[in-house]
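Under the UniProt record's numbering, the letters of the sequence shown match residues 1 to 593, in that order. Note that beta-carbon positions come from the ideal geometry of N, C-alpha and C, so glycine has one too.
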Amino acid sequence: MIFNDNIELFATINPEIAGAIVSARKRDELHILTTRNGLPCIKAGNITLHSLYNPLKEAESWVEHYREETDNSSLICVLGFALGYHILELCKTTHADIFVFEPRVDILKTAFELMDLTSVLSRIRFITDDAIPRLRKDFVVVEHKPSVNLNPEYFGKIRSRLNVLRNIRRGLKIMVVGPIYGGSLPIAGYCARALSNLGHEVDFVDNSRYKDVFLSIDSITDDKMHRDRLREMFINFVSETVIARCGEIKPDLVFALAQAPLTESSLQKLMDSKIPTAFWFVEDFRVMDYWQRVAPFYDYFFTIQKGQFFESLRGIGVKNFSSLPLAAAMDIHEKKELSGDELKIYGSDVSFVGAGYYNRRKFFEGLLDFDFRIWGNEWNLNSPLGRCIQRSGERMDTEDIVKIFTASKINVNLHSSTYHEGVNPYGDFVNPRTFEISSCEGFQLVDARTEIQELFKVGEEIVCFKDLSDLRRKIRYYLNNPDERKAIAGRAMERVKKDHTYELRMKEMLDLIVSMGYDFPPWHSEGEVVEELVDAAGMETELGRYLARFTDKGKVELGDIVEDIRAGEGALSGVEKIFLLMDSIQQQYAFKK
């Protein structure tokens with residue numbers, strides 16, 4: 001009866017684990033005992049998981065022991081469930097979210113059979129594997145010691161990964177490697193700025209400084225083979241500068257954007273040095289296929305497409321990959337107050353910003369009867385679209401683009417395609433313009449994409465078109481309904497602000513990296529995290545107060561402390577004398593070795 005009540009409720013919450021509990025077979029080592037006050041207890045091997053006297057009193061003491069930590073937390077990670085006495089008691093004292101890590105599904109089954117858990121099952125989330133879920137809030141970790149002692153290897157791994165996540169949120173040293181030129185160059189800058197805003201120390205490798213030299217190779221010789229060789233040599237040089245920079249700054253993570261000039265040879269060096277690497281492929285995998293060469297060399301690979309791309313990545317042996325949609329930089333892509341002159345320059349009924357890809361050149365000939373302006377490069381000025389093309393088809397900078405998004409009544413957003421006329425019927429990923437127009441509170445009509453419904457509410461926050469006739473009909477409708485345009489654009493801006501900023505994307509990326517098993521590079525073991533030392537000592541102690549002075553350093557070694565002591569003046573404190581004694585012992589030991 002108890003089991004049925006528990007499992008029926010839990011099946012509505014987590015059917016996968018519920019199914020595993022139902023089918024679990026208990027190990028022979030698992031025994032059910034009765035405590036002195038008549039309550040159930042279990043013993044696994046030689047480890048009793050609860051008090052044989054009074055497990056309820058034990059649970060109260062456990063909660064009280066962790067009270068100071070749990071009272072100030074909105075998310076609690078509990079290592080070990082057993083029969084759940086401590087969880088039942090914990091739920092009485094906190095409204096925090098509770099994640100329970102328990103690898104033994106047979107123990108969970110026993111708990112479901114013996115304990116009425118219906119009052120807490122909707123409050124807690126079970127994790128039975130070694131994957132760390134996305135923990136969107138700051139968290140504390142508390143341990144059910146008997147469970148940890150029963151499964152030391154599993155809980156050691158979980159504890160380590162949670163510590164990694166906590167340290168990451170305190171701040172990493174991240175090298176961001178951008179391309180020499182191209183569409184991912186501004187995205188690299190947005191990512192670097194977002195990571196810095198999140199509190200990480202960022203070293204941005206801006207390879208755009210090499211653009212003119214790289215492009216000048218075309219003018220050196222007409223021999224294609226020689227040009228290709230020169231390009232290869234130049235890319236090798238730029239790639240090696242990244243390796244040299246890594247040796248200088250010792251990053252915790254190297255994060256590269258699409259088209260970053262990192263060769264397979266350089267990536268192998270990073271791999272051999274155990275420097276974690278991540279790559280964000282913000283391109284169409286069907287059009288740009290260099291991912292096949294580089295993806296296996298990265299520890300973590302992020303995409304803007306799923307489905308077939310994921311299958312292809314698995315096919316070449318890539319394991320740690322995930323989708324990471326594009327976003328907007330809201331401090332850059334924001335609505336501008338424009339003067340009357342600026343509205344005349346940048347405004348129109350209908351506009352498009354972007355390069356003249358094949359599908360756009362054909363498709364936009366169907367919009368010539370509207371007040372239509374085209375901004376961007378790679379357009380044929382002698383084509384029927386010539387009269388719509390602004391500034392002779394020059395490339396637009398971000399400041400002007402934001403003004404266009406703001407001034408236009410309707411921003412048409414047609415994703416590029418080199419092999420379709422008009423809308424790509426199989427289009428999946430969502431381009432950066434979708435987020436940037438919305439961030440500027442501009443109204444847009446975007447071609448239908450399979451993944452857009454996961455990012456916006458179609459019809460409420462964004463409007464899609466499926467072909468030219470549908471686009472023309474919607475242009476007429478929304479030109480005649482300005483209030484509806486404004487309302488949709490406002491909702492789109494709020495959605496971007498809530499879910500689609502680069503700060504959110506970078507936080508999501510780092511959380512995913514942790515869940516995939518991130519570990520710090522070898523040099524990260526040099527020194528101790530000051531905040532952890534202060535927490536361990538207690539801020540109320542003399543040692544804690546002394547160590548707090550090093551908080552700005554992030555990490556500290558004994559040598560740093562001794563150097564600070566020797567640079568000081570006046571009488572030594574008791575803590576300072578102990579550190580000097582430790583240094584003396586260390587020096588003597590080093591000499592004897």
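Pair within 7 Å by beta-carbon distance, Q259 and S184: yes
Backbone CA spacing between I47 and P40 [nearest angstrom]: 15 Å
Residues sharing a beta bridge with H200, DSSP: Partner(s): none; H200 has no beta bridge.
Distance between T551 and I180 (C-alpha atoms, nearest Å): 37 Å
Residue span of the alpha helix (DSSP H) that contains W62, given as start and end: P55 to H65
For V350, three-class secondary structure by DSSP: strand
Contact under 7 Å by Cβ, V254 with I235: no
Segment contact flag, the segment 469–481 with the segment 509–524, C-beta cutoff 8 Å, min 3 pairs: no
Alpha carbon of T93 to alpha carbon of R286, nearest angstrom: 54 Å
Cβ-based neighbour list, K211, same chain, cut-off 8 Å, excluding 5 preceding and 5 following: I180 and Y181
Residues near A537 by beta carbon distance below 7 Å, same chain, minus five either side: L543, G544 and L547
Endpoints, the beta strand (DSSP E) within which L33 is located: L30 to T34
Straight-line Cα distance separating K145 from I585: 35 Å
Under 7 Å between C-beta atoms of V63 and C91: no
According to DSSP, residues forming a beta bridge with D447: F465
Euclidean distance between Cα positions of I87 and G156: 21 Å
I404 and V353 closer than 7 Å at C-beta: yes
P296 - DSSP class collapsed to helix/strand/coil: helix
Cβ-Cβ separation, L445 to I401 (assumed contact under 8 Å), whole Å: Wrong, their Cβ atoms sit about 17 Å apart, outside the cutoff.
Selection from W379, E399, P384 and T398 that minimises the alpha carbon distance to S392: W379
N- and C-terminal bounds of the alpha helix (DSSP H) containing G277: Position check: residue 277 holds Thr in this sequence, whereas Gly was assumed. Premise fails: T277 lies in the beta strand (DSSP E), T277 to F281, not in any alpha helix (DSSP H).
Sequence-distant residues of the same chain with beta carbon closer than 8 Å to R134, five excluded per side: E508, D511, L512 and S515
Backbone CA spacing between L79 and E143 [nearest angstrom]: 5 Å
N151, buried or exposed, once every other Cβ within 10 Å from all chains shown has been counted against 16: buried
Presumed contact (8 Å Cβ cut-off) between F372 and L414, rounded CB distance: 12 Å between Cβ atoms; not a contact.
Close Cβ partners of V556 (< 8 Å) along its chain, the five nearest in sequence each way excluded: G527, E528, V530, L533, L547 and F550
In chain order, each alpha helix (DSSP H) run of at least 4 residues that lies wholly inside the segment 393–436: 398–407
Residue range of the beta strand (DSSP E) that includes I42: P40 to A44
Three-state class that DSSP yields for V318 in the structure shown: coil
Coil, strand or helix - T303 by DSSP: strand
Classification of P425 by the beta-carbon crowding that lies within 10 angstroms, buried from 16 upward: exposed
Under the three-state DSSP convention, the category S273 falls into: coil
From E264, L215, V205 and T263, residue whose alpha carbon lies closest to that of P251: V205
For Q586, the three-state DSSP class (helix, strand or coil): helix
Assigned secondary structure, K335 (DSSP; H/G/I helix, E/B strand, else coil): coil
Check whether L195 and I174 have beta carbons under 7 Å apart: yes
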